[in-house]
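A.B. asks: Protein chains in written order, with the numbering used here: chain A, 3 to 300; chain B, 7 to 206; chain C, 481 to 1150; chain D, 1102 to 1266.
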Ligand SMILES: Cc1cc2nc3c(=O)[nH]c(=O)nc-3n(C[C@H](O)[C@H](O)[C@H](O)COP(=O)(O)OP(=O)(O)OC[C@H]3O[C@@H](n4cnc5c(N)ncnc54)[C@H](O)[C@@H]3O)c2cc1C
Ligand SMILES: Cc1cc2nc3c(=O)[nH]c(=O)nc-3n(C[C@H](O)[C@H](O)[C@H](O)COP(=O)(O)OP(=O)(O)OC[C@H]3O[C@@H](n4cnc5c(N)ncnc54)[C@H](O)[C@@H]3O)c2cc1C
Ligand code: SF4
Ligand code: SF4
Ligand code: SF4
Ligand code: SF4
Ligand code: SF4
Ligand code: SF4
Ligand code: SF4
Ligand code: SF4
């Protein structure tokens, strides 16, 4: 299995752990990821917020490059995935738009390749089976609240690889690695990430609602698929706790980190050090954590 | 501007007889920009019910569409709602009529800039603009520069300083922006001028 | 060929503008015309006598009457020539009044126009052929499919008029949805009190046979002469012996089958009747769940039955019967798509239920004896949210149409809930309140004003549990604000939809369905209880969502149509029907596709051209069922090989009109 | 538009401008094919309402617009009629439920065919007229007659063969 890899801006910086864990896990599963040369930013929320066409043109450039590689694209970040997928659908369905945009691209995108999210790729039945076979340390005792956020599932007409109202893929993956995902009710609520910097009061409230619900249902960590969610959930939990008068401290993981941990992929554990919120409370809850070989523990 | 509201829009909304064609002008522009026909909305309110940010908006999401249906352009484009929308697509996913309100919101922001309407949520508008400026310059977004420049534009230096430093210490904010080679190509994609942009 | 032309003055109506005598003169010159004359009032008795005398005197075999519109007097003149011994279809009319004298005022032009019209009629009549309408017999026995309130009413009305009826019901008992309800809007009569007596009447009526646990398999024939195959499924209980004592029902060890009748809010056993007042009141064995049928061991019911009625060996019976008319009354189903309703947690959170389930909870003979309790913990709810339009008016996730009755049953349920549980708070989330029936608006107002139901205008986006309550995330669009309420029970007014197999039944019956699979009426305003196929009528909610008053009204309408048909002596078939020339037909099936009445089918016949004495070659050709054909001619226009023809408006007749007109009117032009 | 049709039209224009004076009252011959239940009844209503319209139209009654075979129209043009009108029930009103729906499909094809054959497409008119639209029928005849008058008499088809010959 071979994919063109689109890290997107944040996987290079704020979400380094996501990027690295994705590549490590992929390698361990024998999935080859080839970074798309000279990829550019997908435009994120700001792109479509201000300029509809631009929001298609920006990802189209990267898709064009990937198409020349002849590979389908994996975009781990949920926001990038959403934008890339939207561009894919728009370019495939609107011929006029396609030729207009392709005219300004060095490598045109003709709709021959498709975009997948990392969750989609890692939870494909055959891949999940191989994850299951590779689990060395089942994460028993870890009770993650699986948080999908909004952009990975919506709008279903564009993305739609999981049920937008009752998503299951992430929960399934967590069960495969031995964790016990909790039943909770905010797994597909928006955390307001796109307003994270410009209107943080809203983000704080939404983050508070989400974490509070996760804790109420017994989660000892949150697992996410999106760097924007991660940043929000980590950065805003203190403020949200203050606002609600509740202790909302909770470790947050990328799902790839947990896959890697269970599969004992070397290099995973050291990523935990760069989390803004201490993850030890969650790791300690894992039955076997202390008995995992120290070698991997570094 | 095609203002159709009476002078005192607060007390009574007067639809003038010319409202028909002019009202359909706003509708037509929205459709052109995002493909959505605002007349398909039957005002059920499901979008408002599910919108995570509706509580903070000056008018509810369904009212954005209602105003657009009546062609009350000033009121839509000067609302905080269009800027507060987080683009989460909840409304579109659940709308029984399949109206992509999230896209209508996009179109309204674009129109507001085009027509020079001052964004009610200036800080959000500035953020989006700074973000795109960044993409246009480097092809990618450099979070440190983005945040710094944004903070300078909004003169809001302190709100996130603590977490910023933390991120920096954890090695999460790269010091040097990575550049895309095909920057000229990317500038071409920006070809059409965006009004209100800091880079003219 | 001896054609006679009769030109009418219509007093001065025609004669004032058209030079009638000139028309007569011109007619005399037309090919085939041997006699032409005029008269003041052709339709009057003396006028008709002139025609009849001329037929005899001049041995006329074809008649043209140039007078008014055929839509007015064609039947008159058909009867007139028939009395004189001609085939009634040997008459054509030239409409020189409506199309000529009344719309023109210049005599020369009008006269020329009239002559042209006569010329066309003469050319056409020359190609007319005698047609006959056959008299078809009628089997005076009706089939009613579906034993809900619609089917029950129709069966009773037809039987009361003196005709035998077979009522076919798929489930073990008649009664339909209405039997599931506690009380019914807008009068709040107890459903059982008004329905059960009718069910019993059906069972005891000497002219009604109830075939429950049965389904229609095949329908052939046409109006007056349907031949229907019905599968009477094995009940494993000999109805002639069973006394309905119910002993077996108590002893069957398989107890926990979710009851269909209770919408899963209660359970039943493997031998069961849907509800205590079932008609017929004798149980059936559900073989898919019965231990004896699954494992070969058990036989408890057989041992316990005092009269030896249990018969494990019983087989399905396929019965073929003749009927003269069919009433389709198969009702509706409710929308149950859990995936599409995931945002409300339907199928996931036990305290989110459908309105139909709520009816069972309210029903005095339901699983909870009429106590409204939460399915999750059996507690009495103190707050209930009713959500309207779930799957209705929702083209994205369900159906675009309005289900028409849910606004009313929401009000009914909110009212009854308050009536039963005094301190309950009710919320009704709605988009519009559609209460357009007699006493309906008043009913809704009463629910709001006297029973304190909290009506909130806005659709709900999501329902999720919080502790042991449910959070309903809605909006109040009148205030323009999102809004949340916490309740103990959520009731979803799920859409009414056609049965999943409605389309299949339609295909068996040869009737059409709309885009959702509701059965299509012949005309929404003028023929709302008929379908395009003669002899088949619709009653109740199988046509589109209807409440009980509308259902019963339509059922009586359908019954009176049946009775009207049965009171005829015979049915006359259409004369102007299509037929197929099987020698030239290439079996392309185009005509089959376009016939609005499903009157054509492809059949295998011996290919006379290709076959030799010892080698029979078969081919497919189209064949018209003349009992069904209405003579629209769509097939004739569609057929590329000219094999499908329409009697009375044959291609050669129409072309003759065009030719005749062109040769005269355009002569010398080119 | 094909070259031939242009040719026909040009010729027609030339002729009609030449002859406007003397042919002011020239009456074209128009064939009308009307469905029995709606349009024919509409024409009857025009009559009972005594609405005046030109003496140009000659009506053939068919049970349904679905009965209209494109061959009828082609034949009419071959015979040299100046114009042809086909009128049927409004969509949804068809006495036979779907006949007019098939008619519409067939007529659309016919119009393309006329174009392709270089036949005078503008001399053909297809329209819905209901039984209550007597005045509409009268207006239609009036308008269509005017149009045909402007086009002038139909001089027959200029077939490609004819041209090359
Ligand atoms: C929750 C709810 C509450 C309601 N409350 C009210 C109320 O208070 N007042 C009111 O006026 N209306 C009410 N209605 C509407 C009412 O249910 C309908 O108007 C009525 O049931 C229609 O009757 P029907 O006989 O046409 O159909 P049904 O009641 O659906 O009966 C159809 C019968 O046909 C049988 N059948 C189906 N397919 C076949 C087949 N292929 N072969 C043989 N048999 C078949 C079925 O088993 C069933 O017995 C309510 C509806 C709902 C959903
Ligand atoms: C403005 C308007 C528009 C409408 N548009 C539509 C529409 O588009 N589609 C639709 O489906 N419905 C429409 N309707 C409804 C429609 O008019 C009625 O459904 C329909 O007319 C009812 O027919 P009817 O025969 O019951 O009553 P009516 O049409 O009222 O006929 C009753 C007849 O009885 C006669 N009469 C009354 N009293 C006596 C007496 N004592 N003795 C003898 N004769 C008597 C009256 O003179 C009258 O001729 C409309 C209604 C209105 C008001
Ligand atoms: S959910 Fe859709 S139809 Fe309903 S108010 Fe919002 S946009 Fe309009
Ligand atoms: S896309 Fe915008 S308007 Fe729609 S639900 Fe999300 S925040 Fe609200
Ligand atoms: S036949 Fe017709 S035209 Fe002649 S008198 Fe009778 S009504 Fe008048
Ligand atoms: S089958 Fe026997 S036991 Fe059961 S109800 Fe009938 S008679 Fe009674
Ligand atoms: S034989 Fe079947 S129906 Fe009878 S008691 Fe046993 S399980 Fe029940
Ligand atoms: S009847 Fe009322 S609740 Fe039912 S679909 Fe129509 S509007 Fe909605
Ligand atoms: S004439 Fe009409 S009804 Fe008769 S077979 Fe042909 S298409 Fe069917
Ligand atoms: S009658 Fe004509 S249209 Fe029908 S199957 Fe035969 S050839 Fe085809």
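Cβ atoms here follow ideal geometry from the backbone N, Cα and C, with glycine treated the same way. These numbers come from a predicted model, not from an experiment.
From this set, 132(B), 128(B) and 111(B), which residue's C-alpha is nearest residue 72(B)'s C-alpha?
C.D. replies: Counted from its first residue, the second chain places residue 72(B) at position 66. When only C-alpha atoms are compared, the closest one is 111(B).
A.B. asks: Report yes or no: do three or more beta-carbon pairs, one from the segment 121-140 of chain A and one from the segment 158-173 of chain A, lie closer than 8 Å?
C.D. replies: Contact between the segment 121-140 of chain A and the segment 158-173 of chain A is present, because at least three Cβ pairs lie under 8 Å.
A.B. asks: Name all residues in chain order for which at least one heavy atom of ligand 4 lies closer than 7 Å to the residue's CB.
C.D. replies: With the cut-off at 7 Å, the residues found are 192(A), 53(B), 56(B), 57(B), 58(B), 59(B), 60(B), 67(B), 91(B), 92(B), 93(B), 94(B), 95(B), 96(B), 97(B), 98(B), 107(B), 108(B) and 111(B).
A.B. asks: Going along chain D in order, which residues have a C-beta closer than 7 Å to the C-beta of residue 1129(C)?
C.D. replies: The residue labelled residue 1129(C) in the question sits at position 649 within the third chain. Going along chain D in sequence order, the residues near residue 1129(C) (Cβ under 7 Å) are 1163, 1164 and 1168.
A.B. asks: Using a Cβ-Cβ distance cut-off of 8 Å, determine whether residue 953(C) contacts chain B.
C.D. replies: Indexing the third chain from 1 puts residue 953(C) at position 473. So yes, residue 953(C) belongs to the interface.
A.B. asks: What do you reckon, are the CB atoms on residue 102(B) and residue 191(A) nearer than 8 Å?
C.D. replies: Sequence index remark: in the second chain, residue 102(B) carries index 96 (1-based). Sequence index remark: in the first chain, residue 191(A) carries index 189 (1-based). Result no, Cβ atoms of residue 102(B) and residue 191(A) do not sit closer than 8 Å.
A.B. asks: Report the CB separation of residue 907(C) from residue 965(C) in whole angstroms; it is logged as a contact under 8 Å.
C.D. replies: In the third chain, residue 907(C) corresponds to position 427, counting from 1. In the third chain, residue 965(C) corresponds to position 485, counting from 1. Sure, about 6 Å apart at Cβ, within 8 Å.
A.B. asks: Alpha carbons only, please: which of 44(B), 56(B) and 21(B) is nearest the one belonging to residue 956(C)?
C.D. replies: Residue mapping note: residue 956(C) aligns to position 476 of the third chain, counting from 1. The residue with the shortest Cα to Cα distance from residue 956(C) is 56(B).
A.B. asks: At a cut-off of 7 Å, would you count residue 752(C) as near ligand 1, judging by its Cβ distance to the nearest heavy atom?
C.D. replies: Translated into the one-based positions of the third chain, residue 752(C) becomes position 272. Incorrect: residue 752(C) has no Cβ contact closer than 7 Å to ligand 1.
A.B. asks: DSSP has residue 228(A) in a bridge; who is on the other side?
C.D. replies: The residue labelled residue 228(A) in the question sits at position 226 within the first chain. Residue 228(A) is not bridged to any residue.
A.B. asks: Please classify residue 1246(D): does DSSP put it in a helix, a strand, or coil?
C.D. replies: Here residue 1246(D) is taken as the residue at index 145 of the fourth chain, counted from 1. In this structure, residue 1246(D) counts as helix in the three-state DSSP scheme.
A.B. asks: Assuming residue 737(C) contacts residue 1042(C) under a Cβ cut-off of 8 Å, what Cβ separation, rounded to an integer in Å, is found between them?
C.D. replies: The count along the third chain starts at 1 and reaches residue 737(C) at position 257. The count along the third chain starts at 1 and reaches residue 1042(C) at position 562. The Cβ separation is near 38 Å, so there is no contact.
A.B. asks: The segment 103-120 of chain B: which residues have C-beta closer than 9 Å to a C-beta of chain A, in chain order?
C.D. replies: Within the segment 103-120 of chain B, the qualifying residues are 104, 106, 108, 109, 111, 112, 113, 115, 116 and 119.
A.B. asks: For residue 944(C), go through chain A and note every residue whose CB falls closer than 7 Å to its CB, in chain order.
C.D. replies: For the purposes of this step, residue 944(C) is identified with residue 464 of the third chain, where counting begins at 1. By Cβ distance, chain A contributes 187.
A.B. asks: Would you grab the beta carbon distance between residue 1056(C) and residue 1107(C) for me? Rounded to a whole angstrom, and I think it's under 8 Å.
C.D. replies: As a position in the third chain, residue 1056(C) is number 576, starting the count at 1. As a position in the third chain, residue 1107(C) is number 627, starting the count at 1. About 14 Å; that fails the 8 Å criterion.
A.B. asks: Could you tell me whether the Cβ of residue 583(C) comes closer than 8 Å to any Cβ of chain D?
C.D. replies: Counting from 1 along the third chain, the entry for residue 583(C) is found at position 103. Yes, because at least one Cβ of chain D sits closer than 8 Å to the Cβ of residue 583(C).
A.B. asks: Which residues in the same chain as residue 1122(D) place their Cβ atom closer than 8 Å to its Cβ, once the five residues preceding and following it in sequence are excluded?
C.D. replies: Taking the fourth chain and counting its residues from 1, one reaches residue 1122(D) at position 21. For residue 1122(D), the pLDDT reaches just 41, beneath the cut-off of 50, and the residue's location in the model is therefore unreliable, although a value from the coordinates is still provided. There are no such residues.
A.B. asks: Quick check: is the beta carbon of residue 156(B) nearer than 8 Å to any beta carbon in chain C?
C.D. replies: Along the second chain, one-based indexing puts residue 156(B) at 150. Cβ-Cβ to chain C under 8 Å: no for residue 156(B).
A.B. asks: Over the uninterrupted alpha helix (DSSP H) stretch that includes residue 881(C), give me the two end residues.
C.D. replies: Against the third chain, residue 881(C) aligns to sequence position 401. Careful: residue 881(C) lies outside any alpha helix (DSSP H) and carries neither H nor E.
A.B. asks: Please list, in chain order, the chain B residues whose beta carbon lies closer than 7 Å to that of residue 941(C).
C.D. replies: Along the third chain, read from residue 1 onward, the residue named residue 941(C) stands at position 461. Residues of chain B passing the Cβ test: 52, 55, 56 and 100.
A.B. asks: Does any CB atom of chain A fall closer than 8 Å to the CB of residue 949(C)?
C.D. replies: One-based indexing of the third chain puts residue 949(C) at position 469. It does not: the Cβ of residue 949(C) has no partner Cβ on chain A nearer than 8 Å.
A.B. asks: List, in order along the chain, the chain C residues whose C-beta lies closer than 7 Å to that of residue 1130(D)?
C.D. replies: Counted from its first residue, the fourth chain places residue 1130(D) at position 29. Going along chain C in sequence order, the residues near residue 1130(D) (Cβ under 7 Å) are 1145 and 1146.
A.B. asks: Classify residue 193(A): buried if its beta carbon has 16 or more other beta carbons within 10 angstroms, exposed otherwise.
C.D. replies: Working through the first chain from its first residue, we reach residue 193(A) at position 191. By the neighbour-count rule (16 or more Cβ atoms within 10 Å), residue 193(A) is buried.
A.B. asks: At least one CB of chain D closer than 8 Å to the CB of residue 439(C): is that the case?
C.D. replies: Residue 439(C) lies beyond the range of chain C shown here (481 to 1150); nothing can be said about it.
A.B. asks: For residue 757(C), which residues from the same chain have a beta carbon less than 6 Å from its beta carbon, with the 5 sequence-adjacent residues on both sides left out?
C.D. replies: As a position in the third chain, residue 757(C) is number 277, starting the count at 1. Correct list, in chain order: 676.
A.B. asks: Output the distance between the C-alpha atoms of residue 39(A) and residue 7(A), rounded to the nearest integer angstrom.
C.D. replies: One-based indexing of the first chain puts residue 39(A) at position 37. One-based indexing of the first chain puts residue 7(A) at position 5. The straight-line gap from Cα to Cα measures roughly 9 Å.
A.B. asks: DSSP puts residue 516(C) in a beta bridge; with which residues?
C.D. replies: In the third chain, the residue the question calls residue 516(C) occupies position 36. Note: residue 516(C) sits in a beta bridge opposite 485(C).
A.B. asks: Should residue 539(C) be listed as close to ligand 2, given that the test is whether its C-beta is under 7 Å from any heavy atom?
C.D. replies: Taking the third chain and counting its residues from 1, the one referred to as residue 539(C) is at position 59. Answer for residue 539(C): no, Cβ out of range of ligand 2.
A.B. asks: Of all the beta strand (DSSP E) runs that stay within the bounds of the segment 50-89 of chain A, which reach a length of 3 or more residues?
C.D. replies: Within the segment 50-89 of chain A, the complete beta strand (DSSP E) runs of at least 3 residues are 75-77.
A.B. asks: Using Cβ-Cβ distances below 7 Å, what residues of the segment 805-823 of chain C are close to chain A?
C.D. replies: Under the 7 Å Cβ criterion, the segment 805-823 of chain C contributes 819, 822 and 823.
A.B. asks: Taking 7 Å as the cut-off, does the CB of residue 990(C) come closer than this to any heavy atom belonging to ligand 6?
C.D. replies: Position 510 of the third chain, counted from the start, is the residue given in the question as residue 990(C). Not under cutoff, so the answer is no.
A.B. asks: Count the C-beta pairs between the segment 117-129 of chain B and the segment 60-76 of chain A that are closer than 8 Å, then say yes if the count reaches three, no if not.
C.D. replies: No contact exists between the segment 117-129 of chain B and the segment 60-76 of chain A.
A.B. asks: Can you tell me the Cα-Cα spacing of residue 590(C) and residue 1127(D), whole angstroms?
C.D. replies: Start at 1 with the first residue of the third chain, and residue 590(C) comes out as number 110. Start at 1 with the first residue of the fourth chain, and residue 1127(D) comes out as number 26. When rounded, the distance between both Cα atoms is 15 Å.
A.B. asks: Give the DSSP-derived three-state secondary structure of residue 1260(D) in the structure shown.
C.D. replies: What you label residue 1260(D) is simply residue 159 of the fourth chain in a count that begins at 1. Residue confidence is low: residue 1260(D) scores 47 on pLDDT, short of 50, so the model does not pin down where it sits. No coordinate-derived value is stated.
A.B. asks: Following the continuous alpha helix (DSSP H) through residue 1207(D), name the residue where it begins and the one where it ends.
C.D. replies: Counting from one through the fourth chain, the residue named residue 1207(D) turns up at place 106. From DSSP, the alpha helix (DSSP H) with residue 1207(D) extends over 1200-1218.
A.B. asks: With 8 Å set as the bound, which would you pick, yes or no: does the beta-carbon of residue 285(A) sit closer than that to a beta-carbon of chain B?
C.D. replies: Position 283 of the first chain, counting from 1, holds the residue named residue 285(A). By this cut-off, residue 285(A) is not an interface position.
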